[in-house]
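Here the structure comes first, spelled out in structure tokens, and everything after it is commentary.
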Amino acid sequence: MLLEIGIALLKIIVVFALALLTVAYLTYIERKVIGHMQVRMGPMRVGPHGLLQPIADGLKLFMKEDIVPYEAYRFTFYFAPILTLVTALILFAVIPFDKHFAITRLNIGVMYILSIASVGVLGILLAGWASGSKYPILGGLRSAAQMLSYEIFLGFSIIGALMISGSLDLVKIVESQHVWNIVYQPVAFVIYIIAALGEINRVPFDLPEAETELVAGFHTEYSGMKFAYFFLAEYANMIIVCSMATILFLGGWRGPVLPGFVWFLIKLFALIYFFIWVRATFPRYRYDQFMKIGWKIMLPIVLANIVVTGVVMMMVQGG
Amino acid sequence: MDEIRGLVVTEEGLVEQDLMRDTLTKEMWVNMGPQHPSTHGVLRVVLALEGERIVDTEIYIGYLHRGFEKFAESKTYPQFLPITDRLDYISAHAMNYGYVLAVEKLMGIEVPLRAKYIRTLMAELTRISSHLLWLATHALDIGAMTVFLYCFREREMILDLFEMVCGARLTTSYFRIGGVANDLPDGFIEKCREFCNIFPQKAKDYDDLILKNRIWLARTINVANISGEEGLNLGLSGPSIRGSGVKWDIRVSEPYGVYDKVEWEMAVEDGCDVYARYLVRLKEMRESCKICQQCLDFLEKDDSGEFRAKVPKVIKPPEGEAYACVEAPKGELGFYIVSDGSTKPYRLKIRAPSFANLMSLPKMVEGALVADVIAAIGSIDVVLGEVDR
Amino acid sequence: MGENEKAPKKKLTKEEAIALAKARKAAKAAEAAKKEAEEPKVDLDSLPLVKAIKKEHAEAIEDIKFANNELTITVKKDYLLPLCRWLKSDPETAFDYLSEVIGVHYPKNEEKPLQVVYHLFSTQKNHRLRLKVNLAEDEEVESVYPVWRSANWYEREAYDMVGIKFANHPDLRRILLPEDWEGHPLRKEYPLQGPEGYREKWLRRHCRNTNAL
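Residue numbers (this note's numbering), protein chains in the order written: chain A, 764 to 1082; chain B, 25 to 413; chain C, 179 to 391.
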């Protein structure tokens, strides 16, 4: 009994430490990659090639004055970033990095991730509302509409993969992929990536925090550690959606020669690199155009995809 | 809020009534600026929003007012020249050009041909650099970050050229009444030629990133429309009005410098929207590059060394008035000078293109969304130093 | 400056220097007069614009001048708006663009110290015209906003800077200066650094923390 608890605790500590470290260094990777794409160097001053930059950033944010606007709702204003970060971090609990390496194995892992992730929206909405200021509320409203509708497409786009794998257990889904699901579900994969970009507010769908329109959107009034929480949550979410894509479509840890853990990370970072690349390339959609794409183009496609998948599966199994 | 009629269950049975009857809705007033990432300085636009749709726009300016026109009245003519740099501080040569033209017109000074070529070359380089900065910030406003840094890469080369000529990169003050401050330094022509040769290739990079990008098209086509007639009526000039199909370029209509001696094409588009204005400026950069090449051809052969006309030591224009205008990168830049025969202008009025262009912003964003305001401000390319003077 | 430096070199007495300067000035003036005489006088009536305006609106014209290749017409105050309407709509003049509206203060003209200058341009005909209206201190001039919408801000600026009042302007407020500013800075009597004690007054009115004083 004690041993089991001990192992569980150890797993939690390892995963969370790794997760937070990766999230911190993700900011560094992003700045470096985008920097080189934009014919500049990125951070270079703190440590060799700016390697200590995330730590310096963290220290700076930690020491900053904690400003609460006069008009803000104090409790909610403090609570919102915590809610956002916590929901982002507890998602790591079910991600299987290797066959035997997950904090816990749930038989409804997919459901868990979808439902917890949707709570994260609340944090952003509350942040926008509690700031008691106009740009944050616009950002908050945008994010509410955006994340709620994109969750639908996100959910629908993985149904095809779930149908093929026949399980909601993340480990089983990976194990069932003798051929990666992306081969059977290319359309769903593309839709998943687009919906994921919308879900985690990345360019070209970074409307809630569109800095050139809404200053900084929902976190305009946040500073110091509270701001850092949002920042960390955003990058944690990015890792989560990329992990999900890896597990659902790219065969998780499966791969020859190298250990599973390494394969998982390779696929994960390839996807993250893609997300960063998109950010360096694309302009931003307008709010109404973005919603139009979701409801008028993506929803019919994912629904058709589910129907086609079902029919084909019936024919293959029935025949 | 519009009325939404529907059936409601009441004590009298089903009654059709306005469902929004008891809902209190009112528009939200949002201050965009004076501190905002994409109002290009200290422009303050107050928007009345219904949701994200704009129902009313009001523009407040003057946050950067430095009283240049009053200032001019206490400075001699040459002393005021450096101050014109601070109008549109990203295209200082063009500002100098307008001012010296007005004074020269007042005094009847004929400028040597070499000086005219040098001035034209500088004015066109300035136009490229100003349009590059415009493209950079406009693209950044719409979210395309990489274009920003690509544009700055080339702008840096132009600023290096300016530094070679006069030692300053931004507020150059290179022009003088009657010519320019000094002749071109050794090696300048080669370096400038190098820039003109590689610029068209580099400009292809910007096209690759956004010219046919679906998101860029969605954000710019049919956004912030303004017809040519409305634009003229509201005082729109320069590339912004040429994006609405009006064939008016002061370099063609009232040629100054050597614009009647070089071959180039006026950029005109009929789209009337943000995208058309974007295309006009893209083409203008390439045409400017052509003009620069031709100026360099002349300057290479010419060995007269006459870079300044003989002007009196004390600039003292005769009594009278003059208005001279140039096609600055933003539009018609004019200087109206009233002289009372002394060494200081009696009255100097700056007709700043951005000030006039800004007037059409409310018309452009009528009924648009918040994001369109950003695109519209970017597309008319305002510089607040010039608006507020 | 230049002459002062030269003077001791040639060891001239002060009187001689002044005499020399005077002689130079006289020579210059004579030269200028000669130049003016030599210059071909432009026959104003031969200009197509003048012809057209004289034909239609002869009663509006107070004075016509042609200098520096620019045509200036001084207009009687009451005829300005009809003249502008006609200038814009007539296909021969077609002034579709208002470049600027300028207020100028001439305190020496005691009767009519204020002057409004309009710069017109036609993108179709490609010609320019300058209109002028002289005003007394308390007179108002009709706004040309109904003809060119761009007059809106130009006239606001003229009001803000010189204090010219435009009748029937839709929104005549200050534009570059704050709403509660006192005085019109581009008037000749307005001191360059602002009136005495203005900064203190301003700070007291607008800053919560008056320790800055």
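In this text, a Cβ means the ideal position worked out from N, Cα and C, and glycines have one as well.
- Residues of the region 153-173 of chain B with a C-beta atom less than 9 Å from some C-beta of chain A are 163, 164, 165, 166, 167, 168, 169, 170, 171, 172, 173, listed in chain order.
- In this structure the region 234-253 of chain B touches the region 161-173 of chain B; the number of beta carbon pairs closer than 8 Å is three or more.
- When the alpha-carbon of residue 1009(A) is set against those of 1052(A), 1068(A), 924(A), 986(A), the nearest one is in 924(A).
- Take the alpha-carbon of residue 310(C) and the one of residue 298(C): they are about 11 Å apart.
- Contacts with chain B at 8 Å (Cβ-Cβ) include residue 1043(A).
- Ranked by Cα distance from residue 1034(A), the options 789(A), 771(A), 775(A), 766(A) are led by 789(A).
- Distance from the CA atom of residue 801(A) to the CA atom of residue 1043(A), rounded to whole angstroms, is 8 Å.
- The alpha-carbon of residue 366(B) is positioned some 8 Å away from that of residue 342(B).
- Chain C places no beta carbon closer than 8 Å to that of residue 74(B), leaving this residue out of the contacts.
- Only buried fits residue 273(B), as 16 or more other CB atoms lie within 10 angstroms of its CB.
- Under the 8 Å criterion on CB atoms, residue 257(B) is classed as interfacial with respect to chain C.
- Taking 8 Å as the cut-off, the beta carbon of residue 296(B) is found closer than this to the beta carbon of residue 249(B).
- Between residue 156(B) and residue 179(B), the gap from beta carbon to beta carbon is short of 8 Å.
- Among the CB atoms of chain A, none fall inside 8 Å of the CB of residue 181(B).
- Under a criterion of Cβ atoms nearer than 8 Å, the residues of chain C adjacent to residue 98(B) are, in order, 370.
- Residue 392(B) carries a coil assignment under DSSP once its states are collapsed to helix, strand and coil.
- In summary, residue 385(C) is exposed, with fewer than 16 beta-carbon neighbours lying within 10 Å of its beta-carbon over all protein chains present.
- For residue 130(B), the residues of chain C that pass the 8 Å Cβ criterion are 246, in the order they occur in the chain.
- DSSP places residue 349(B) in the uninterrupted beta strand (DSSP E) bounded by 344-352.
- For residue 400(B), no CB of chain A lies under 8 Å from its own CB, so it is not counted at the interface with that chain.
- DSSP places residue 230(B) outside any beta strand (DSSP E); the residue lies instead in the alpha helix (DSSP H), whose first and last residues are 212-230.
- With fewer than 16 other CB atoms across the displayed protein chains lying within 10 angstroms of its CB, residue 324(C) is exposed.
- Where residue 1053(A) is concerned, the enclosing alpha helix (DSSP H) starts and stops at 1050-1055.
- Within 10 angstroms of the beta-carbon of residue 833(A) lie fewer than 16 other beta-carbons, which makes it exposed.
- The beta carbons of residue 400(B) and residue 292(B) sit no closer together than 8 Å.
- The Cβ-Cβ distance between residue 389(B) and residue 397(B) falls below 8 Å.
- Within the region 1042-1076 of chain A, the residues whose Cβ lies closer than 9 Å to some Cβ of chain B are 1042, 1043, 1044, 1045, 1046, 1047, 1048, 1049, 1050, 1051, 1052, listed in chain order.
- Judged by their CB atoms, residue 391(B) and residue 363(B) are not nearer to each other than the 8 Å cut-off.
- Its chain contains 259, 260, 261, 262, 264, 354, 355, 404, 405, 406 as the residues whose beta carbon lies nearer than 8 Å to that of residue 381(B), once the 5 sequence neighbours on both sides are disregarded; these appear in chain order.
- Taking 8 Å as the threshold, the shortest C-beta distance from residue 285(C) to chain B does not fall below it.
- What residue 394(B) touches in chain A, judged by beta-carbon distance under 7 Å, is 976, going in chain order.
- DSSP places residue 816(A) in the helix class (H, G or I) of the three-state scheme.
- Within the DSSP secondary-structure output, residue 239(C) pairs in a beta bridge with 253(C).
- For residue 283(C), there is no enclosing alpha helix (DSSP H); the enclosing beta strand (DSSP E) has its first and last residue at 275-283.
- For residue 897(A), the C-beta contacts it makes with chain B under 7 Å involve 52, 54, in order along the chain.
- The C-alpha of residue 224(C) is placed about 39 Å away from the C-alpha of residue 348(C).
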